[in-house]
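Just below is one structure, and these are the notes that go with it.
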Amino acid sequence: MNKEKDVIICRCEDVTLEEIRELIKRGYTTVDEIKRITRAGMGPCQGRTCRDLIIREIARLTGKRVEEIPMPTFRPPIKPIKLGVLAESEDD
Amino acid sequence: MKRSAEVVIIGGGIQGCAVAYNLAKMGCRDVVVLEKNTIASGSTGRCAAGIRAQWGTEMNCRLGIASIEIFENLSEELGADIGLHQGGYLMIAYRESEFEQLKRNVALQNSLGIKSRVISADEAKELCPLLNTEGAVGFTYHHRDGHADPLLTTFAYAEAAKRLGVEIYSFTEAVGIDVNNGKVRGVRTNRGFISTGVVVNCAGPYAREVAAFAGVDIPIYPERHEILVTEPIERVSKPMLMSFSGNFYIQQRPHGSFIMGYGPEEHLKSHALNSTWEFLEGMARKFVRLLPRLSGLRVVRQWAGSYEMSPDAQPILGRVEEVEGFYISAGFSGHGFMFGPITGKLMAELILSGETSIPIDMLSYRRFQRGELIREPAVV
Chain P
212 MNKEKDVIIC RCEDVTLEEI RELIKRGYTT VDEIKRITRA GMGPCQGRTC RDLIIREIAR
272 LTGKRVEEIP MPTFRPPIKP IKLGVLAESE DD
Chain V
257 MKRSAEVVII GGGIQGCAVA YNLAKMGCRD VVVLEKNTIA SGSTGRCAAG IRAQWGTEMN
317 CRLGIASIEI FENLSEELGA DIGLHQGGYL MIAYRESEFE QLKRNVALQN SLGIKSRVIS
377 ADEAKELCPL LNTEGAVGFT YHHRDGHADP LLTTFAYAEA AKRLGVEIYS FTEAVGIDVN
437 NGKVRGVRTN RGFISTGVVV NCAGPYAREV AAFAGVDIPI YPERHEILVT EPIERVSKPM
497 LMSFSGNFYI QQRPHGSFIM GYGPEEHLKS HALNSTWEFL EGMARKFVRL LPRLSGLRVV
557 RQWAGSYEMS PDAQPILGRV EEVEGFYISA GFSGHGFMFG PITGKLMAEL ILSGETSIPI
617 DMLSYRRFQR GELIREPAVV
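Residue numbers (the numbering used here), protein chains in the order written: chain P, 212 to 303; chain V, 257 to 636.
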């Protein structure tokens with residue numbers, strides 16, 4: 212069993228530990244770059260699980276501290292919202 | 257970091273990476289790309305991904321179709337998937353005058369070999385069965401238009417350029433350009449000086465600041481545009497939907513998610529990139545009116561990016577006459593990603609041979625001084 216290949220880091224977008232480690236080794240050492248290449252963190256949960264795991268992997272492979280790894284921007288909405296619900300709001 | 261290079265490119269978006277790749281492909285491999293953040297972190301990575309040849313000026317039609325031809329073979333050329341989807345752009349007119357303009361555009365496009373056409377409401381509904389055509393007076397369609405992944409495309413250019421010897425420095429910000437006796441001598445960065453005789457300004461919304469380093473004033477300014485993406489569903493819309501009077505674009509990516517946006521009501525000249533609740537609601541209303549059956553679709557994320565606007569919404573391309581060795585490829589006004597493959601090639605040709613395979617003289621920054629602005633009728 213290939214362990215890295217079987218460990219899913221981003222469950223929304225099916226990104227494995229193997230893919231993440233491969234990118235870090237190729238020099239992509241920010242969460243943003245890994246997100247842009249693999250879509251990790253772009254799914255419905257917006258990186259709630261994978262973000263911290265990816266930061267930990269980057270820290271581990273680059274020898275940096277977790278605090279030194281830049282955080283990606285947190286973007287709204289906090290939870291997915293139906294377009295139909297948004298369209299019906301009447302606050303203007 | 258290199259201390260000297262034949263060419264230094266400022267900006268690691270689609271323009272910078274495509275210019276770098278094309279220079280290296282044509283044999284000029286001593287090239288450095290400076291990016292103050294990471295690749296595709298600015299306007300390119302925030303853009304709407306659209307690619308089209310349905311334009312209203314000859315220049316844009318020529319650039320558009322030439323770029324589509326490159327996009328069609330780009331995954332193969334660069335050795336990485338760029339996420340191309342050619343489902344066409346379906347243009348929707350809600351006013352008679354707008355439809356007349358679209359028809360004139362199609363006549364111009366056809367005269368240049370672009371096989372766009374006017375289509376009926378029935379045909380529009382065949383292309384996008386969930387479309388509510390109420391209020392629409394006419395439609396045009398070009399099957400080779402579509403969209404590609406701006407992130408994957410830019411990374412593919414960057415990786416291919418690196419394989420040819422180009423060096424790309426992230427978190428490396430240009431802070432000055434040294435000019436001596438009217439010639440470029442080098443670029444100062446936060447990590448030291450790089451000596452060079454050629455600098456290409458591909459700084460997008462920061463192109464004005466970068467030009468000022470060399471003492472040149474170009475009228476490019478940033479303008480915030482907002483956009484959102486939904487959860488993925490099975491493919492329900494083949495074409496990208498766009499309307500100038502309706503002020504929207506809506507497209508479904510191969511991944512299944514919908515991306516959509518519209519032009520801002522306030523045209524603020526600022527580097528601000530915040531998101532607003534007003535956009536979220538406004539976009540939702542437009543979307544639900546157009547595709548009512550999809551009102552249950554959820555928004556996953558919204559963000560903003562800068563259009564790098566020029567006064568006539570056309571790019572500034574070419575060499576700067578008063579500073580030898582200084583070139584500009586910026587001011588794309590919301591269309592930089594789709595033009596990137598062709599303008600990257602043209603700029604490399606210009607730098608290496610002084611000539612381009614498509615004439616771009618009319619896109620010189622000097623047009624603003626001469627009052628020769630280009631009016632493109634087909635922009636959102």
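Glycine residues also receive a C-beta, built at the ideal position from the N, C-alpha and C atoms. This structure is a prediction, so every number in the text was calculated from the model and none was measured.
query: Rounded to a whole number of angstroms, what is the C-alpha to C-alpha distance between residue 244 of chain P and residue 294 of chain V?
result: Within the first sequence, residue 244 of chain P is the residue found at index 33, counting from 1. Within the second sequence, residue 294 of chain V is the residue found at index 38, counting from 1. Computed Cα separation, rounded: 7 Å.
- prompt: Is the segment 563–583 of chain V close to the segment 615–623 of chain V, with three or more CB pairs under 8 Å?
  reply: yes
Residue 571 of chain V - DSSP class collapsed to helix/strand/coil: By 1-based counting over the second sequence, the position of residue 571 of chain V is 315. Residue 571 of chain V: coil per DSSP, three-state reduction.
Within 7 Å of chain P by C-beta, residues of the segment 525–548 of chain V in sequence order: 531, 536, 537, 540, 541, 543 and 544
message: To be precise: take each residue of the segment 411–438 of chain V, compare its Cβ to all Cβ atoms of chain P, and keep it if any distance is under 7 Å. Which residues remain?
response: 411
query: To which residues of the same chain is residue 229 of chain P closer than 6 Å at the C-beta, ignoring the five residues directly before and after it?
result: Numbered from 1 along the first sequence, position 18 holds the residue referred to as residue 229 of chain P. For residue 229 of chain P, where only same-chain residues beyond five positions count, the Cβ hits under 6 Å are 215 and 216.
message: Could you tell me the alpha carbon to alpha carbon distance between residue 262 of chain V and residue 296 of chain V, rounded to whole angstroms?
response: Indexing the second sequence from 1 puts residue 262 of chain V at position 6. Indexing the second sequence from 1 puts residue 296 of chain V at position 40. One C-alpha to the other measures close to 23 Å.
message: Cutting at 7 Å between CB atoms, please list the residues of its own chain near residue 380 of chain V, excluding the five before and the five after it.
response: Taking the second sequence and counting its residues from 1, one reaches residue 380 of chain V at position 124. So the list reads 346, 387, 389 and 395, once near-sequence residues are dropped.
task: Report the residue ranges of all beta strand (DSSP E) runs contained in full by the segment 577–623 of chain V; include only those spanning at least 3 residues, in chain order.
output: 582–586
query: Run through DSSP, which three-state label would residue 550 of chain V get?
result: Counting from 1 along the second sequence, the entry for residue 550 of chain V is found at position 294. Looking at residue 550 of chain V - three-state DSSP - the assignment turns out to be helix.
query: Is it the case that the Cβ atoms of residue 312 of chain V and residue 402 of chain V are separated by a distance below 8 Å?
result: Numbered from its first residue, the second sequence carries residue 312 of chain V at position 56. Numbered from its first residue, the second sequence carries residue 402 of chain V at position 146. No, these two residues do not count as a Cβ contact at 8 Å.
message: Please report the straight-line C-alpha distance between residue 503 of chain V and residue 563 of chain V, rounded to a whole angstrom.
response: Position 247 of the second sequence, counted from the first residue, corresponds to residue 503 of chain V. Position 307 of the second sequence, counted from the first residue, corresponds to residue 563 of chain V. Cα to Cα, the separation comes out at about 16 Å.
- request: Output yes or no for whether 8 Å exceeds the beta carbon distance between residue 637 of chain V and residue 587 of chain V.
  value: Outside the shown range of chain V (257 to 636) lies residue 637 of chain V, about which nothing can therefore be said.
query: Is the shortest distance between the beta-carbon of residue 596 of chain V and the beta-carbons of chain P less than 8 Å?
result: Along the second sequence, read from residue 1 onward, the residue named residue 596 of chain V stands at position 340. No, its Cβ sits nowhere closer than 8 Å to a Cβ of chain P.
- request: Answer with buried or exposed for residue 498 of chain V, where buried requires no fewer than 16 other C-beta atoms within 10 angstroms of its C-beta.
  value: Numbered from its first residue, the second sequence carries residue 498 of chain V at position 242. By the 10 Å Cβ count, residue 498 of chain V comes out buried.
message: I'd like to know whether the C-beta atoms of residue 580 of chain V and residue 440 of chain V end up nearer to each other than 8 Å.
response: Against the second sequence, residue 580 of chain V aligns to sequence position 324. Against the second sequence, residue 440 of chain V aligns to sequence position 184. Yes.
- prompt: Thinking C-alpha only, which one of V/408, V/372 and V/378 is nearest residue 688 of chain V?
  reply: Residue coverage of chain V in this structure runs from 257 to 636, which leaves residue 688 of chain V outside it and unanswerable.
message: Could you compute how far the alpha carbon of residue 460 of chain V sits from the alpha carbon of residue 213 of chain P?
response: Residue 460 of chain V sits at position 204 when you count from the first residue of the second sequence. Residue 213 of chain P sits at position 2 when you count from the first residue of the first sequence. Roughly 43 Å between the two C-alpha positions.
- prompt: Name the residues in the segment 553–564 of chain V whose C-beta lies less than 9 Å from a C-beta of chain P; which are they?
  reply: 553, 554, 555, 556, 557, 558 and 559
- prompt: For residue 428 of chain V, is the beta carbon positioned less than 7 Å from some heavy atom of the ligand SAH?
  reply: Among the ligands in the structure shown, none appear at all, so the ligand SAH cannot be discussed.
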